[in-house]
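Residue numbers (the numbering used here): 24 to 297.
Working notes, structure below.
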Ligand SMILES: C[S@@+](CC[C@H](N)C(=O)[O-])C[C@H]1O[C@@H](n2cnc3c(N)ncnc32)[C@H](O)[C@@H]1O
């Protein structure tokens, strides 16, 4: 029997409300298309036939809820992702940060850590790592645990090396890791000033007095209402003149905080709070 679109929408809504009430995770303002795709995939894997059955299992089985959290979390990332962004970061952002006696950076939605380690490398090459404190957060505890270790599989390294060079890297990327057959371990000196922790942009409080916040490729999965709420939280967390970096497909245009920023680089989505 085919289920109508309306019934599916009601079932998804009930599922998301149950998750919110039982576990405190609010996915109700995530983009419906991507949530629906993930739910259908989980239905197939669990041999359940309806979303209502899935809802009941989520309510009674915390381990199953954990699997759903993993499903909803899209963790795609890489080092020096969008090398053009990191070129501008090297050439302009670092210059703007340099004048601060102490620099606080928040990487929100850091996934497995590649983004914050890329920034750490650039800050080191610019000679300002030692006066910087980086905070790297994500809603998903399992990706934070990977980020904390800074260990990645060797199959990724060719891409990361190419990205590093395209971003204007000043040395050999291999200076930053040791490798064996399967894994590369990033140099512990990159991690020295990074604090990793879980943080939920939907329900947790703001940070304060950040000189830079990078929240790239996270809000792409949020609807407009949630995007606005998160942008308000990020704006509250920035110091005056603080910089905000968004992902390739994200923008402050038409958001409720657009008037609070000037554009530093339109293409790379880098803004400064005024
Ligand atoms: C596609 S990854 C982007 C990773 C990295 N920022 C990048 O650009 O490569 C999106 C990350 O956002 C995280 N995320 C999703 N919802 C979140 C929330 N409410 N609070 C914090 N992080 C969240 C996901 O767990 C995931 O690791």
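For glycine and all other residues, C-beta sits at the position ideal for the given N, C-alpha and C.
Because the structure is a prediction, the values reported are computed rather than measured.
Residue range 247-260 is occupied by the alpha helix (DSSP H) that includes residue 257, with no beta strand (DSSP E) assigned at that position. Taking one beta carbon from each stretch, the stretch 61-70 and the stretch 91-98 have 3 or more pairs nearer than 8 Å; the two touch. With respect to residue 264, residue 214 sits apart: the two C-beta atoms are not nearer than 8 Å. Residue environment analysis places residue 99 among the exposed positions, since fewer than 16 neighbouring C-beta atoms fall within 10 angstroms of its C-beta. Judged by DSSP secondary structure, residue 219 falls within the beta strand (DSSP E) whose first and last residues are 217-221. Secondary structure at residue 203: coil, using DSSP grouped into helix, strand and coil.
Per DSSP, reduced to three states, the secondary structure at residue 161 is strand. Between residue 230 and residue 158 the beta-carbon gap is near 7 Å, inside 8 Å, which marks them as a contact.
Counting of Cβ neighbours within 10 angstroms places residue 293 among the buried residues, the total reaching 16 or more.
DSSP places residue 233 in the uninterrupted beta strand (DSSP E) bounded by 233-238. Its chain contains 196 as the residues whose beta carbon lies nearer than 7 Å to that of residue 184, once the 5 sequence neighbours on both sides are disregarded; these appear in chain order. For residue 184, there is no enclosing beta strand (DSSP E); the enclosing alpha helix (DSSP H) has its first and last residue at 180-189. Under DSSP, residue 285 takes part in a beta bridge, and its partners are 295. In the three-state scheme derived from DSSP, where H, G and I count as helix and E and B as strand, residue 151 is classed as coil.
For residue 99, no beta strand (DSSP E) segment is defined, and its DSSP state is neither H nor E.
From the listed residues 112, 81, 73 and 56, the smallest Cα separation to residue 287 is found for 112. By the criterion of a C-beta distance shorter than 7 Å, residue 54 is surrounded in its chain by 244, 245 and 246, once the five residues flanking it on both sides are discounted. Pairing residue 232 with residue 219, the inter-Cα distance amounts to about 18 Å.
The beta carbon of residue 140 sits closer than 7 Å to those of 102, 173, 209 and 213, all from its chain and outside the five residues before and after it, given in chain order. Using a cutoff of 7 Å, the CB of residue 246 does not count as near ligand 1, since none of the ligand's heavy atoms is closer than that. A buried status is given to residue 190, since no fewer than 16 other beta-carbon atoms sit within 10 Å of its beta-carbon. Per DSSP, the continuous alpha helix (DSSP H) segment holding residue 30 begins and ends at 28-46. A contact between stretches requires three or more CB pairs, one per stretch, nearer than 8 Å, and the stretch 78-90 fails this requirement with the stretch 123-138.
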